[in-house]
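Asker:
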Amino acid sequence: MTTQPLPAGSWLNAPAHHAWLAAEGQRLLGFAKASRVPEGFGNLDATGQLPADARAETMNTARMTHSFAMAHAMGLPGYADLVAHGVAALGGPLRDPEHGGWFAAPRAVDGNRGKAAYLHAFVALAASSAVVAGAPGAQQLLNDAMHIIEQFFWSEEEGAMLESFAQDWSGLEAYRGANSNMHATEAFLALADVTGDTRWLDRALRIVERVIHQHAAGNQFMVIEHFDVHWQPLLAYNEDNPADGFRPYGITPGHGFEWARLLLHLEAARLEAGLPTPAWLLTDAKGLFASACEYAWAVDGAPGIVYTLDWNHRPVVRERLHWTHAEASAAAQALLKRTGQLHYETWYRRIWEFCDNHFIDRADGSWHHELNPHNQPSSRIWGGKPDLYHAWQAVVLPALPLAPSMTSALNAGTYVTKW
């Protein structure tokens, strides 16, 4: 794997910085334990309590299962039972026993019986991490998730994931999305590690070729999120609903950062597997990071990264979301390891300073999920504190190599610095 020496005094070489990350990780994990509900994991409110009407969701259950499996793999006691609980929920009430696949909520009690690629990618990620953690039932869950992806979602013809179906796998949605394919790329990296099957790395590369190297690279490295069935951009998609939590209008800079990191993980994984590895993976990762920083950081005069931009780089939704900044930090550390360039050290420190000053909630725990344009806590897009996944990965990744994927790396003990 190609990496470069870090700059003198890099925080990634500083034991005190890794100790700070470890302490923050322990704080995040402790807070998230309260999200357990009988049928999986639910959403916590801003103070870390389960609302009276809290119920399990597949997205949260999969993300929490993955996150707790990482904690168990790194040798932290108290998480094995939570991983087993997540696996049981994903194999039970969240799964469709009639047609296979997963609902968004147990037994589709929310009325949504559709099957979304986005959720299935997270189920596959959770299952792969649970297998590494040795959770009972995890291998069967992984087998089921891979079968569903290969039978329904993966399009060999398109080299990408199809978006969604009705409950019985009819009614393919006339839409293709970058977000679901991004998380499929993440899941495929983990599946390759757990199964030893490099086809998953080839599939990941085909997704990246289409979404990033073809479309984003030709658009000033601004990720195009929404497409029709022929992969033609839908630039006006959701213009009347710009703050949508999953399919917002325009450019989502946080995804530019997230894709940049995934490209470097894919490059490292393919190199380790001895597979052909295009040089543009690094070039495109740099371009994505640079574009997101240039156009989204402090674009409205206040520090931080706005949620969305229009196609002329003007801010649309000015809220700052915690996941965007977690992914920006994670991308900066990956590029820093890969290139050794001081530029990325500067951004890495800048982003963590911002998170420490504004997102980390030392009064009620975890991180504020969202800030308003004045960097005060808000809930326009997301209320409460439902998400461990992004912040937790951001504090773990600096101690890991670019390959293998996170849970496999933790299980193998391949830390840069031990927690």
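Position 407, counted from 1, in the sequence shown is what the numbering used here calls 394; the numbers after and before it change by one each time, with no gaps.
Built from N, CA and C at the ideal position, the CB exists for glycine as well.
Please confirm if the segment -2 to 15 is in contact with the segment 369 to 386, defined as three or more CB-CB distances below 8 angstroms between the two stretches.
Answerer: Because the criterion of three Cβ pairs below 8 angstroms is met, the segment -2 to 15 and the segment 369 to 386 touch.
Asker: Hey, C280 and S316 are a contact pair by Cβ (cut 8 angstroms); roughly how many whole angstroms apart?
Answerer: To locate residue 280, count along the sequence shown from 1; it is residue 293. To locate residue 316, count along the sequence shown from 1; it is residue 329. Actually they are not in contact, since the Cβ atoms of C280 and S316 sit about 12 angstroms apart, beyond 8 angstroms.
Asker: Determine whether the beta carbon atoms of V181 and L249 lie at a separation below 9 angstroms.
Answerer: In the sequence shown, the residue the question calls residue 181 occupies position 194. In the sequence shown, the residue the question calls residue 249 occupies position 262. It is not a contact, given that the beta carbons lie outside the stated cut-off.
Asker: Under the DSSP definition of a beta bridge, which residues are partnered with A147?
Answerer: Stepping through the sequence shown from its first residue, residue 147 is reached at position 160. According to DSSP, A147 bridges with S142.
Asker: So for R163, helix, strand or coil by DSSP?
Answerer: To locate residue 163, count along the sequence shown from 1; it is residue 176. If DSSP states are grouped into helix, strand and coil, R163 belongs with the strands.
Asker: To which residues of the same chain is S(-3) closer than 6 angstroms at the C-beta, ignoring the five residues directly before and after it?
Answerer: Mapped onto the sequence shown, residue -3 falls at position 10. Here the set comprises E332.
Asker: Sort out for me which residues DSSP pairs I347 with in a bridge.
Answerer: As a position in the sequence shown, residue 347 is number 360, starting the count at 1. DSSP output for I347 lists W354 as bridge partner(s).
Asker: For a minimum of 4 consecutive residues, which ranges assigned as the alpha helix (DSSP H) are wholly contained in the segment 228 to 281?
Answerer: Whole alpha helix (DSSP H) segments, 4+ residues: 240 to 259.
Asker: Please state whether DSSP places V383 in a helix, a strand or coil.
Answerer: For the purposes of this step, residue 383 is taken as the residue at position 396 of the sequence shown. Helix at V383.
Asker: First and last residue of the alpha helix (DSSP H) that includes N47?
Answerer: Position 60 of the sequence shown, counting from 1, holds the residue named residue 47. Counting along the chain, the alpha helix (DSSP H) containing N47 begins and ends at T45 to A60.
Asker: Measure how close the beta-carbons of G243 and V210 come, nearest whole angstrom, since I'm counting them as under 8 angstroms.
Answerer: As a working mapping, residue 243 is identified with position 256 in the sequence shown. As a working mapping, residue 210 is identified with position 223 in the sequence shown. With a Cβ gap of about 5 angstroms, G243 and V210 count as contacting.
Asker: Which of the three DSSP states is assigned to L69 in this structure?
Answerer: What you label residue 69 is simply residue 82 of the sequence shown in a count that begins at 1. In the structure shown, L69 sits in a helix (DSSP, three-state: H, G or I).
Asker: Grab the span of the alpha helix (DSSP H) containing D131 for me, first residue to last.
Answerer: If you number the sequence shown from 1, residue 131 lands on position 144. A125 to I135 is the extent of the alpha helix (DSSP H) around D131.
Asker: Indicate whether the contact test is met: 3 or more Cβ pairs, each with one atom in the segment 257 to 272 and one in the segment 199 to 217, closer than 8 angstroms.
Answerer: Yes, since at least three Cβ pairs between the segment 257 to 272 and the segment 199 to 217 fall closer than 8 angstroms, the two stretches touch.
Asker: Just how far apart, CA to CA, sit A255 and D40?
Answerer: Position 268 of the sequence shown holds residue 255. Position 53 of the sequence shown holds residue 40. The straight-line gap from Cα to Cα measures roughly 44 angstroms.
Asker: State the beta-bridge partners of A103 as determined by DSSP.
Answerer: Here residue 103 is taken as the residue at index 116 of the sequence shown, counted from 1. For A103, which the question treats as bridged, DSSP gives the partners S151.
Asker: DSSP on R305, reduced to helix/strand/coil?
Answerer: Along the sequence shown, one-based indexing puts residue 305 at 318. Residue state, collapsed to three classes: coil.
Asker: What are the start and end residues of the alpha helix (DSSP H) that includes S395?
Answerer: Taking the sequence shown and counting its residues from 1, one reaches residue 395 at position 408. M393 to A399 is the span of the alpha helix (DSSP H), which, as asked, contains S395.
Asker: Consult DSSP for V110 and reduce its assignment to one of helix, strand or coil.
Answerer: Taking the first residue of the sequence shown as position 1, residue 110 is located at position 123. Three-state result, V110: helix.
Asker: With C-beta atoms as the reference, is G35 less than 9 angstroms away from D351?
Answerer: Counting from one through the sequence shown, the residue named residue 35 turns up at place 48. Counting from one through the sequence shown, the residue named residue 351 turns up at place 364. A contact, by the Cβ cut-off of 9 angstroms.
Asker: What is the DSSP secondary structure of F175, reduced to helix, strand or coil?
Answerer: Numbered from its first residue, the sequence shown carries residue 175 at position 188. Helix at F175.
Asker: Starting from L188, follow the alpha helix (DSSP H) in both directions and report where the run begins and ends.
Answerer: Position 201 of the sequence shown, counted from the start, is the residue given in the question as residue 188. First-last of the alpha helix (DSSP H) with L188: R186 to V195.
Asker: Please report the straight-line C-alpha distance between N0 and L329, rounded to a whole angstrom.
Answerer: Start at 1 with the first residue of the sequence shown, and residue 0 comes out as number 13. Start at 1 with the first residue of the sequence shown, and residue 329 comes out as number 342. Near 13 angstroms, if we compare the C-alpha coordinates of L329 and N0.
Asker: H5 lies in the alpha helix (DSSP H); which residues open and close that run?
Answerer: Against the sequence shown, residue 5 aligns to sequence position 18. It spans P2 to A19 - the alpha helix (DSSP H) in which H5 sits, taken as one unbroken run.
Asker: Would you mind reading off the limits of the alpha helix (DSSP H) that contains I338?
Answerer: To locate residue 338, count along the sequence shown from 1; it is residue 351. First-last of the alpha helix (DSSP H) with I338: L329 to F341.
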